[in-house]
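Note sheet for the following structure.
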Amino acid sequence: MDLTPPRTDPFPELALGYAHRRARVFWFWWMGMVFAVPGAAQATVLAATGQNPENGLVLAGLGLGISGAGWLMAMGPRFTRSDPRPAGDLNRAEQYIRIVPWTAVGMVAAMLLIVAALMVTTPRGTAPDVLPVLAFLAAFPLPVAAGMLYSRHLHQHRDRLYTNWLERR
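To convert a position in the sequence shown, counted from 1, into my numbering, add 23.
Quick look at the structure:
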């Protein structure tokens, strides 16, 4: 039994490369959720207003299908034991870590303001046939923002995640 401590690489480029790989694998399957979540919101509002929820369910199903296909396409990088490619964009990663929270919040807030403005200023803004479209629009930035925040988490904690991966490898 080897009792030596696990090797931690002194190169931050490898940890960042690992974070990039994890983020890429995540986005492969998460992109389907960008369609599934708004589709589910649209289907819910369609059903709540007494309409046929088929359009929203089709979009949600399409998103889940895309998500499943993305998960399958990312199996190689997901389960690899090979070293990550070194990434030299450390400054850009640090900038990403700093600006993502404000970007995510701003994107969601802007869309909610747009939807609220449409509801108030348009003549049919709260009509039952318009509400599902507005629900779709309001829900659309939520999975994008959640994905950005998770990707930020991966990049922010890249050293710890890379060290843990080296220990398991």
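The beta carbon of each residue, even a glycine, is placed where N, CA and C say it ideally should be.
Going by C-alpha to C-alpha distance, which of the options sits closest to residue i?
i	options	result
residue 127	172, 98 and 61	172
residue 237	61, 48 and 39	This structure does not reach residue 237, given that the chain is present from 24 up to 192, and the question cannot be answered.
residue 159	50, 178, 41 and 69	69
residue 94	180, 55, 144 and 63	55
residue 161	146, 129 and 99	129
residue 40	105, 153, 67 and 75	105
residue 140	124, 152 and 157	157
residue 42	182, 192, 189 and 190	182
residue 34	190, 100, 81 and 185	185
residue 85	188, 59 and 123	59
residue 169	144, 125 and 150	125
residue 6	101, 192, 150 and 131	Any question about residue 6 goes unanswered here, given that the chain covers just 24 to 192.
residue 46	137, 189 and 97	97
Decide if residue i is buried, meaning its Cβ has at least 16 other Cβ atoms within 10 Å, or exposed.
i	result
residue 111	exposed
residue 88	exposed
residue 193	Residue numbering for the chain in the displayed model covers 24 to 192; residue 193 lies beyond these limits and cannot be assessed.
residue 53	buried
residue 76	buried
residue 108	exposed
residue 113	exposed
residue 192	exposed
residue 136	exposed
Just confirm the distance between the C-beta atoms of residue i and residue j, as a whole number of angstroms; I'd bet it's less than 8 Å.
i	j	result
residue 155	residue 79	7 Å
residue 201	residue 83	Outside the displayed range of the chain (24 to 192) lies residue 201, so it cannot be described from this structure.
Handout entry: Contained alpha helix (DSSP H) runs [length at least 4] in the stretch 110–191, N- to C-terminal order
Key = 113–144, 154–162, 164–179 and 181–191
Exercise for the section: Could you pull out every unbroken alpha helix (DSSP H) segment of at least 4 residues lying fully inside the stretch 44–108, listed in chain order? Expected result: 56–71, 77–96 and 98–101
Practice task
Answer yes if the stretch 107–123 comes into contact with the stretch 163–180, meaning at least three C-beta pairs across the two stretches below 8 Å, and no otherwise.
Solution key: yes
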